[in-house]
Amino acid sequence: MRRLQNKIAESRMTLSLVSILGALLAVAYGAFGLQLGNLVFSNAGWWVQVALIALSTMLMVELNNSNSLIRIYSRMVSCSFLLLTLMALPVSDTSVATFAPVSLSAFQPSLVALSFIVFYLFFLQAYQDQTAVGMIYGAFFALGVGSMFFVHLFYFVPLFWLLMGIRLNAMGWRTFFASLLGLITPYWLIGGWFLYQQDYLTPLNHFMSLAQFVPLHEVFSLQGQHAAPFFTEPELLLTLHGSVLAPVFTLLFVLLLTFTGIIHFLRQSSNDKLRTQMIYELFIFVTLAIILFYVLQPQHYVFLLRMLIVNTATLIGHFLALTRTKTTNIAFFVILALTLVLTGYNIFFS
Numbered sequence: 017m018r019r020l021q022n023k024i025a026e027s028r029m030t031l032s033l034v035s036i037l038g039a040l041l042a043v044a045y046g047a048f049g050l051q052l053g054n055l056v057f058s059n060a061g062w063w064v065q066v067a068l069i070a071l072s073t074m075l076m077v078e079l080n081n082s083n084s085l086i087r088i089y090s091r092m093v094s095c096s097f098l099l100l101t102l103m104a105l106p107v108s109d110t111s112v113a114t115f116a117p118v119s120l121s122a123f124q125p126s127l128v129a130l131s132f133i134v135f136y137l138f139f140l141q142a143y144q145d146q147t148a149v150g151m152i153y154g155a156f157f158a159l160g161v162g163s164m165f166f167v168h169l170f171y172f173v174p175l176f177w178l179l180m181g182i183r184l185n186a187m188g189w190r191t192f193f194a195s196l197l198g199l200i201t202p203y204w205l206i207g208g209w210f211l212y213q214q215d216y217l218t219p220l221n222h223f224m225s226l227a228q229f230v231p232l233h234e235v236f237s238l239q240g241q242h243a244a245p246f247f248t249e250p251e252l253l254l255t256l257h258g259s260v261l262a263p264v265f266t267l268l269f270v271l272l273l274t275f276t277g278i279i280h281f282l283r284q285s286s287n288d289k290l291r292t293q294m295i296y297e298l299f300i301f302v303t304l305a306i307i308l309f310y311v312l313q314p315q316h317y318v319f320l321l322r323m324l325i326v327n328t329a330t331l332i333g334h335f336l337a338l339t340r341t342k343t344t345n346i347a348f349f350v351i352l353a354l355t356l357v358l359t360g361y362n363i364f365f366s
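Position in the sequence shown counted from 1, then plus 16, gives you my numbering.
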């Protein structure tokens with residue numbers, strides 16, 4: 017029986033309508049969340065942020081299409097990503113008030129999320145191909161670029177090497193060295209600039225931050241700050257301009273969707289192809305690693321949330337598109353309503 021949930025999930029108009037809704041939410045965020053008012057359309061930083069989110073959404077469409085994440089026609093993965101990203105934007109924005117002057121520091125979380133999606137696009141194409149040197153190089157190059165804004169991405173590299181072997185079956189000496197070269201290339205390209213400037217301290221501080229830990233009890237007592245692009249990060253990435261409840265509610269809601277998607281997939285995975293099962297198991301492993309990272313280093317709330325949303329969108333998208341019961345039909349609209357309510361709460365009270 018095709019319920020309203022399924023008609024929406026399978027409609028070719030859904031992504032277009034969600035994009036219009038997303039545009040309205042982005043305008044509301046700029047006008048009220050960033051307090052730009054009528055100047056929202058003349059603010060270059062706002063346009064850059066919107067462009068990054070739009071590009072990321074289109075790449076999520078490609079990630080879904082190229083890997084057949086959902087076995088029917090559905091845009092639930094990209095729609096989920098767009099709405100969850102806009103919901104989280106007010107509590108994951110490293111700018112303090114506005115985007116003036118425009119700086120890469122204001123867009124670091126969006127750039128990290130974008131690089132994470134590009135990583136998946138290349139990484140998953142190496143499935144069962146130990147000679148896929150180009151794909152692995154491209155994947156880890158994207159990860160290296162992302163690490164220039166969030167150096168702690170390096171902590172995920174051993175996990176991705178492990179997944180290359182046990183899930184992608186693509187680990188070989190060629191692909192391993194291609195991954196190393198991909199990680200190094202962005203730093204090699206920009207390293208010449210620091211050598212020319214005789215600035216050795218900035219790159220050193222970038223990597224030294226890998227060893228910095230902030231106790232949990234200190235996280236909510238500090239204030240987020242600006243960061244310079246590339247090698248400098250905010251001292252604390254949990255920006256709390258207003259209510260502490262906004263980031264907490266946002267994370268809890270995303271985690272609820274995450275585990276809903278995981279449980280659904282584990283129960284229904286036998287209906288998918290083996291390659292799709294492998295991909296979703298990979299997403300689950302990475303998701304659990306991000307959650308563990310939250311426990312160990314909660315000060316990186318902002319970046320981890322945006323990375324988590326990339327994975328959550330695939331998992332909850334699978335749930336929303338492929339369930340057909342009366343209960344899940346109700347859950348579909350409850351999830352949509354809670355997403356919109358939480359988005360409004362974050363815009364006006366975060």
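Think of the CB as a built atom: it goes at the ideal place given N, C-alpha and C, for glycine as much as any other residue.
Asked	Found
Three-state secondary structure assigned by DSSP to glutamine 313	coil
Complete alpha helix (DSSP H) runs within the segment 156-235 (minimum length 4 residues, chain order)	173-182, 189-212, 217-224 and 232-235
Sequence-distant residues of the same chain with beta carbon closer than 7 Å to arginine 183, five excluded per side	Met294, Glu297 and Leu298
Pair within 7 Å by beta-carbon distance, glycine 154 and proline 202	no
Beta carbon of leucine 321 nearer than 7 Å to that of phenylalanine 309	no
Isoleucine 306, DSSP secondary structure in three states	helix
Residue span of the alpha helix (DSSP H) that contains leucine 261, given as start and end	261-284
Serine 32, DSSP secondary structure in three states	helix
Neighbourhood of glycine 46 by C-beta, 6 Å cutoff - its chain only, sequence neighbours within 5 removed	Leu52, Val56 and Trp62
Limits of the unbroken alpha helix (DSSP H) element including threonine 147	Unbroken run through threonine 147: none, as it is neither H nor E.
Rounded separation between isoleucine 36 and leucine 98 - CA only	11 Å
Residues near phenylalanine 139 by beta carbon distance below 6 Å, same chain, minus five either side	Ala155
Distance CB(glutamine 146)-CB(alanine 194) smaller than 7 Å	no
Residue environment, alanine 129, which counts as buried when at least 16 other CB atoms sit within 10 Å	buried
Sub-7 Å separation of leucine 358 and alanine 25 beta-carbons	no
Whole-Å CB distance - leucine 169 paired with leucine 79, under 8 Å assumed	Actually they do not touch by this definition, with Cβ atoms about 18 Å apart.
N- and C-terminal bounds of the alpha helix (DSSP H) containing threonine 73	60-83
As assigned by DSSP and simplified to three states, the class of leucine 50	coil
Separation of methionine 151 from isoleucine 86, as counted between CA atoms	23 Å
Cβ-Cβ distance between threonine 303 and asparagine 327 below 7 Å	yes
Spatial neighbours of phenylalanine 157 in its chain, beta-carbon cut-off 6 Å, leaving aside the 5 residues before and after	Gly198 and Thr201
Local Cβ density within 10 Å of phenylalanine 229, reported as buried at 16 or more and exposed below that	exposed
Per-residue DSSP class, three states only, for serine 366	coil
Backbone secondary structure at isoleucine 88 - three-state DSSP	coil
Phenylalanine 115 (DSSP reduced to helix, strand or coil)	The predicted position of phenylalanine 115 is uncertain, since its pLDDT is 39 and thus under 50; no value can be drawn from it.
Three-state secondary structure assigned by DSSP to proline 289	First, the residue type needs correcting, since residue 289 is lysine and not proline in the sequence shown. Reduced to three states, the DSSP call for lysine 289 is coil.
Per-residue DSSP class, three states only, for threonine 330	helix
Proximity of alanine 10 and valine 64 at Cβ, strictly below 7 Å	No statement about residue 10 is possible, as the shown extent of the chain runs from 17 to 366 and does not include it.
Local Cβ density within 10 Å of glutamine 124, reported as buried at 16 or more and exposed below that	buried
Burial state of tyrosine 317 (16 or more Cβ within 10 Å)	buried
Residue of Gly277, Thr191, Met164 and Gly188 minimising C-alpha distance to leucine 220	Met164
Cutoff 8 Å; reference isoleucine 346; Cβ partners in own chain excluding five residues on either side	none
Limits of the alpha helix (DSSP H) - the one that leucine 20 falls within	20-26
Arginine 322, DSSP secondary structure in three states	helix
Exposure of aspartate 288, with buried meaning 16 or more beta-carbon neighbours within 10 Å	buried
Simplified DSSP state of serine 108, which is helix, strand or coil	coil
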